[in-house]
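Notes follow once the structure below has been shown.
The following block contains the structure:
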């Protein structure tokens, strides 16, 4: 999101190898934000309240309400229109009586459209493409500093011996540092910088895919932006969602960020080599995960020592041939 | 902090609806927002203030109808409503409830002229 005015969080997204700016509607622009603040100073509404009376039947365009208090509204009052005419009307408890006919009628139309539909459509497109290519896709999410990249580097090093093709899409606000760490393992990586944006969305993944050919039958890891809030809401087209919680973060993380833990297929508890030094209560963390997500598998790992990696690698290889779990759980009898 | 992008998606939906020329301006955008959706209403309203400018929704207000989530208790089988993913079963007090719905986030109606 633009730090100045909050407009268009897609304005500064860059995929390595691209230099333009793409807006949500697909148009390509170059713009700068220095000269258009959206402060409230120019249009204060202080001084009159609209509470308690309905303005449904007349437009406010072109005439000012300055100078009349809410009290004055409770009975008959007048408005001067842009063309000079003066109208007089009452505000009763019921609908106001307005002595002016509009040329167009206000009406309601049904829409019933999901706001996430655009992202979900593109995610489905990604999923079809992954399916056709036999690519197993993991969306890796966590807070910053949980050890996502370190865990990924060790995982890739181990998986290389299995012979399956590997690829990585790296999401970060800025820099290509993580993609460089991944490439050092010999695995191809595309960095997506979200600029002021807080998460990857399906369209960014689609664009990144155009930069990176996926060998058939491989595994693609998408390392999301470090953030335990926003990425939970955005389907990227992945087969599995993996959430990493490290023991340096505290046992209550799943309760503080339930949306993220609720959608996880697998929760990796990382940095378990530090449990003793921190006096961390692993059972309490796992209990909290269960509270928001009774279905998720939980594995304890250390990306530094390799502890627990056998189980994690086994999950990766067995999940790759298992279809994703159904979206809707069967109700208990 | 992704609400500005979501507000942009709402305006996109309105613009698509307006593309056939059946209305010239939008007065109200009615939205259903489930209690468990990943959306902060205040931030969404702020985002909408920016996203609507210069579009067919320029003069529109966003009216958000919050709806609760629903869940089935794994312990007693009761169907209950929930406001958060941490709610306990209102029938038996169990913490093990399976969320069935609550992440709705949809434009339901437009008031247009």
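Residue numbers (the numbering used here), protein chains in the order written: chain A, 173 to 505; chain B, 1099 to 1211. Glycine is no exception: its CB is placed at the ideal position from the N, C-alpha and C atoms. These numbers were taken from a predicted model, which means no experiment stands behind them.
- Query: Which whole-angstrom value describes the C-beta separation of residue 1171 (chain B) and residue 1180 (chain B), a residue pair presumed to lie in contact below a C-beta threshold of 8 Å?
  - Reply: Between residue 1171 (chain B) and residue 1180 (chain B) the beta-carbon gap is near 10 Å, outside 8 Å, which marks them as no contact.
- Partner residues on chain B for residue 374 (chain A), Cβ-Cβ distance less than 8 Å: Those do not exist, as residue 374 (chain A) stays about 12 Å from chain B at its closest Cβ, beyond 8 Å.
- Looking at C-beta atoms only, is the number of pairs between the stretch 1120-1134 of chain B and the stretch 1158-1167 of chain B that lie closer than 8 Å three or more? As far as the Cβ criterion goes, the stretch 1120-1134 of chain B touches the stretch 1158-1167 of chain B, which means the pair count is three or higher.
- Who does residue 342 (chain A) pair with in a DSSP beta bridge? The bridge partners DSSP lists for residue 342 (chain A) are A:363, A:395.
- Item | Buried/exposed call for residue 344 (chain A), threshold 16 Cβ in 10 Å | Counting the other Cβ atoms within 10 Å of the Cβ of residue 344 (chain A) gives 16 or more, which makes it buried.
- Cα-Cα separation between residue 1151 (chain B) and residue 1158 (chain B), rounded to whole angstroms: Cα to Cα, the separation comes out at about 9 Å.
- Residue burial classification, residue 347 (chain A) (beta-carbon count within 10 angstroms, cutoff 16): Exposed: under 16 other Cβ atoms inside 10 Å.
- Item | Nearest residue (CA-CA) to residue 506 (chain A), options A:327, A:403, A:321 | In the structure as shown, chain A starts at 173 and stops at 505, and residue 506 (chain A) therefore has no counterpart that could be examined.
- Message: Counting only beta-carbon separations shorter than 8 Å, does residue 1132 (chain B) have a partner in chain A?
- Response: No, residue 1132 (chain B) does not count as interfacial toward chain A.
- For the 8 Å Cβ check, are there 3 or more pairs between the stretch 429-436 of chain A and the stretch 375-393 of chain A? Contact between the stretch 429-436 of chain A and the stretch 375-393 of chain A is not established, with fewer than three Cβ pairs separated by less than 8 Å.
- Item | Against chain D: residues of the stretch 342-372 of chain A by CB proximity under 9 Å | Absent from the structure is chain D; the protein chains it does hold are A and B.
- Please check if any C-beta of chain A sits within less than 8 Å of the C-beta of residue 1146 (chain B). Output row for residue 1146 (chain B): interface = no.
- Message: Can you list, in chain order, the residues of its chain with a C-beta nearer than 6 Å to that of residue 1209 (chain B)? Leave out the 5 residues immediately preceding and following it.
- Response: Once the five neighbours on either side are set aside, the close Cβ partners of residue 1209 (chain B) are 1125, 1126.
- Query: If you count every other CB in all the chains shown that lies within 10 Å of the CB of residue 403 (chain A), and 16 or more means buried, which is it?
  - Reply: Of the other Cβ atoms in all chains shown, 16 or more fall within 10 Å of the Cβ of residue 403 (chain A); this residue is therefore buried.
- Which ranges would you report for the beta strand (DSSP E) in the stretch 1106-1181 of chain B if only whole runs of at least 3 residues count? Whole beta strand (DSSP E) segments, 3+ residues: 1124-1132, 1159-1165, 1167-1171, 1177-1180.
- Task: Just grab the DSSP bridge partners of residue 1203 (chain B) for me.
- Result: Under DSSP, residue 1203 (chain B) shares a beta bridge with B:1131.
- Query: Counting only beta-carbon atoms, is residue 1164 (chain B) nearer than 8 Å to chain A?
  - Reply: Not closer than 8 Å to any Cβ of chain A, the Cβ of residue 1164 (chain B) fails to qualify, so no.
- Taking a cut of 8 Å between CB atoms, which residues from the stretch 452-479 of chain A lie near chain B? The stretch 452-479 of chain A vs chain B, Cβ under 8 Å: 463, 464, 466.
- Message: Contact defined as beta carbons within less than 8 Å: I believe residue 475 (chain A) pairs with residue 438 (chain A). What is the distance between those atoms, to the nearest angstrom?
- Response: Contact doesn't hold; Cβ gap of about 15 Å is too wide.
- Please classify residue 410 (chain A): is it buried, with 16 or more other beta-carbons within 10 angstroms of its beta-carbon, or exposed? Flag for residue 410 (chain A) reads buried.
- Which full runs of the beta strand (DSSP E) of 3+ residues lie inside the stretch 444-497 of chain A, going along the chain? 469-472, all fully within the stretch 444-497 of chain A.
- Pair within 8 Å by beta-carbon distance, residue 1147 (chain B) and residue 1101 (chain B): No, Cβ-Cβ distance for residue 1147 (chain B) and residue 1101 (chain B) is not below 8 Å.
- Message: Quick check on this structure: which residue in B:1118, B:1117, B:1197, B:1104 has the alpha carbon closest to the alpha carbon of residue 1141 (chain B)?
- Response: Here the closest residue by C-alpha is B:1104.
- Message: Our contact map puts residue 457 (chain A) next to residue 441 (chain A) with C-beta atoms below 8 Å; I'd like the distance itself, whole angstroms only.
- Response: The pair is a contact, with the Cβ atoms about 6 Å apart (cut-off 8 Å).
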